[in-house]
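Residue numbers (our numbering): 626 to 1032. Read through the structure below, which is laid out as structure tokens, and then see the notes.
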Amino acid sequence: MLPVNGIEHCLKCSICHAACPVARANPNYPGPKILGPDRGRFMMNKSGKTVPEVEWCTNCQRCEVACPHGVETASLIRALKQEALHEKKHYWRDLLMGYPHILGQLGTAFSPIANFMLGSPIGRSMTAQMMALAPDSSLPAYAGRSFQSWHRGQGHTASSNKVVYFVGCFANYNRPEIGQALVALLKLLDIDVIVPKQVCCGVPLLSNGFRDRALKLMSYNVQNLLPYVKQGYSIICSCPSCGLALKKEYGRELGTSEAARVGAAVYDSSEYLDIYGQALEEHLSAQSWRLTYHQPCHSLAQGIGTPSLSLLRKIPGVQVSFVDGCCGQSGTYGLKEEKSGVSRQIGRQLIEAITDQKPDLVATDCGTCSLQLSRLSDLPVEHPLVLLEKAARGAAAGLGDRYRPAV
């Protein structure tokens, strides 16, 4: 299914190409204009095969943000990826990594074994060889207990104010302290949290061309979220990719009124908390952090401004600077053997901008961005929610290694 704002809306101005981080890092990449709106002319080469370069697209969606005419370039490229699915070199690897909720369930259930495979030199080498990953891939460790499991053991308040939390795989299985921080912050505002049944948002599958499989996950989530939306609840996402998917991709991929209704009820976690910014500020204690905030591409694509930056600046005593740019990680993209070099090249300019600011730590809303930033800069990286929760409970300025990768 081609997007409504497709080929016919393209003005051929090439602004999308100028905004594309992959095009800047890889001179062999045709770019979003050619692979998106011009796909009718470039979809087939002389041998009759689809364009293999389409695999280099990270689905960062900066092309759509930059487009002056609203062309849904990322959707056009994903459609081409779907058509080229049978030619995918690492089909089974990409399919397996497209189900992080299943990997997460196994990873948390057998976390000692999983973390050995991810963290030890022998395990890391075996994993890299089996999965065709870069030898220096920084994979996140699995928690011994998922956020959903933790949340089921928590008592609920008598508050009539409630929100629904779409946790996302990273906060659920790798860093449950992100979700725990959100619950704690909302509790300060007398807001209770509901966590319904959910699976992966579908972005990992969709980004790799497995659209039909992604639609099944999307439909499942809509089915479980819609009853709460009908009752007037808002849906909160702490992962930018999940938030963008629910807000934007579900409606245009599923094409149903139910998906659109769910999308209209979705907020990024910081976007929602910023509404209560003045009330939250009263709970924040002074900290001495000097930090740099990095806005993930999928947060930028939501068009919500920089609410995390606004909230971090409410913490007394904290010096907060902002840096723009793509880190190059894009989910599992930067982990893959054939794409790791391009991923690093994309992130290098961003890392230089961060290190020039000489921060104590980096804040970013995206879990996989945090892996890339930590790996390339050797700085500790935290989710804004974790920092806000630390300040709210008056924690000392211990930065910790919560976001350091397993290897």
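C-beta: ideal position from N, C-alpha, C; glycine also.
By the three-class DSSP mapping on this structure, what secondary structure does residue i have?
i       : result
Gly872  : As written in the sequence, residue 872 is Lys, which differs from the Gly given in the question. It is helical.
Phe791  : strand
Gln848  : helix
Gln997  : helix
Ile979  : helix
His923  : helix
Leu986  : strand
Arg1018 : coil
Phe735  : coil
Thr752  : helix
Glu678  : helix
Leu1012 : helix
Phe741  : helix
Leu937  : helix
Lys855  : helix
Tyr918  : strand
Glu1007 : strand
Lys713  : coil
Nearest-angstrom Cα distance between residue i and residue j?
i       : j      : result
Met669  : Leu660 : Low confidence applies here, because Met669 scores a pLDDT of 43, under 50, leaving its location unreliable; read the following figure in that light. Straight-line Cα distance between these residues: approximately 11 Å.
Glu1014 : Gly834 : 37 Å
Lys637  : Leu807 : 43 Å
Leu898  : Ile816 : 11 Å
Cys794  : Gln903 : 30 Å
Leu879  : Leu960 : 29 Å
Arg1000 : Lys855 : 43 Å
Gln944  : Thr989 : 15 Å
Cys685  : Cys867 : 13 Å
Val975  : Ser784 : The sequence shown places Leu at residue 975, rather than the Val named in the question. In a straight line, the C-alpha of Leu975 is about 43 Å away from that of Ser784.
Asn740  : Thr683 : 27 Å
His694  : Glu977 : 32 Å
Asp837  : Asp985 : 44 Å
Val1037 : Lys658 : This structure leaves residue 1037 out entirely; the chain is present only between 626 and 1032.
Glu712  : Ala757 : 17 Å
Ile738  : Gly778 : 25 Å
Leu916  : Leu937 : 9 Å
Glu633  : Val679 : 20 Å
Between which two residues does the alpha helix (DSSP H) carrying residue i extend?
i      : result
Leu701 : Thr698 to Glu708
Val943 : Neither: Val943 is in no alpha helix (DSSP H) and is coded neither H nor E.
Ile803 : Pro801 to Leu813
Tyr716 : Tyr716 to Met722
Pro829 : Val828 to Ser832
Trp775 : Phe772 to Arg777
Cys641 : Ile640 to Ala644
Gln823 : It is not in any alpha helix (DSSP H) - Gln823 carries neither H nor E in the DSSP assignment.
Glu906 : Gly902 to Glu906
Ile929 : Counting along the chain, Ile929 falls outside any alpha helix (DSSP H), and DSSP gives it neither H nor E.
Glu689 : Arg687 to Ala691
Pro657 : Pro657 to Leu660
Quick check on the DSSP output: the beta strand (DSSP E) that includes residue i runs from which residue to which?
i      : result
Cys862 : Ser859 to Cys862
Tyr892 : Val891 to Asp893
Val818 : Asp817 to Ile819
Does the Cβ of residue i lie closer than 8 Å to at least one heavy atom of the ligand PLP?
i      : result
Ser965 : With respect to the ligand PLP, the structure shown offers nothing to examine, as it has no ligands at all.
I'd like the list of long-range same chain contacts for residue i, defined as Cβ closer than 8 Å, with 5 residues on each side in sequence excluded.
i       : result
Ala1017 : Ala809, Leu810, Leu813, Leu905, His908, Leu909 and Ser910
Lys787  : Ile816, Asp817, Val818, Ile819 and Tyr858
Ala768  : Thr733, Ser736, Tyr798, Asn799, Arg800 and Pro801
Lys939  : Gly902, Leu905, Glu906 and Leu909
Leu851  : Glu883, Arg886 and Val887
Met742  : Gly748, Arg749, Met751 and Thr752
Ala1031 : Low confidence applies here, because Ala1031 scores a pLDDT of 35, under 50, leaving its location unreliable; read the following figure in that light. Closer than 8 Å at Cβ, skipping near neighbours: Asn740, Leu743, Gly744, Ser763, Leu764, Pro765 and Ala766.
Gln730  : Ser771 and Tyr798
Tell me which same chain residues have a C-beta within less than 6 Å of the C-beta of residue i, skipping the five on either side of it?
i      : result
Ala648 : His642, Tyr654 and Gly656
Pro646 : Cys951 and Ile971
Ile640 : Ala691
Ala885 : Gly876
Gly992 : Phe795
Val967 : Ala650 and Asn651
Ala890 : Val854, Ser859 and Ile860
Leu571 : Residue coverage of the chain in this structure runs from 626 to 1032, which leaves residue 571 outside it and unanswerable.
Tyr845 : Val824
Gln912 : Ile940, Gly942, Val943, Ala1016 and Ala1022
Leaving aside the five residues before and after residue i along the sequence, list all residues of the same chain whose C-beta is less than 7 Å from its C-beta, in chain order.
i      : result
Pro821 : Val789, Asn849, Leu850 and Tyr853
Thr957 : Met722 and Pro829
Ala926 : Gln686, Glu689, Val690 and Leu869
Leu871 : Phe791, Cys826, Ile860, Cys862, Val887, Gly888 and Val891
Leu934 : Tyr918, Val945 and Phe947
Gly673 : Caution applies to Gly673, whose pLDDT of 47 falls short of 50 and renders its modelled position unreliable; the value that the coordinates give is listed next. Closer than 7 Å at Cβ, skipping near neighbours: no residue.
Query raised in the report: How do the stretch 914-923 and the stretch 684-691 stand: do at least 3 beta-carbon pairs fall below 8 Å, yes or no?
Result: yes
Report task. Report yes or no: do three or more beta-carbon pairs, one from the stretch 796-805 and one from the stretch 924-937, lie closer than 8 Å? Result -> In short, these stretches do not touch, since the Cβ pair count stays below three.
Query - Three-pair Cβ contact test at 8 Å for the stretch 995-1008 versus the stretch 774-782 - result: no
Query raised in the report: Contact between the stretch 991-1002 and the stretch 748-767: three or more CB pairs below 8 Å?
Result: yes
Query raised in the report: Between the stretch 976-987 and the stretch 862-879, do three or more beta carbon pairs fall short of 8 Å?
Result: no
Report task. Count the C-beta pairs between the stretch 709-725 and the stretch 823-843 that are closer than 8 Å, then say yes if the count reaches three, no if not. Result -> A contact exists between the stretch 709-725 and the stretch 823-843.
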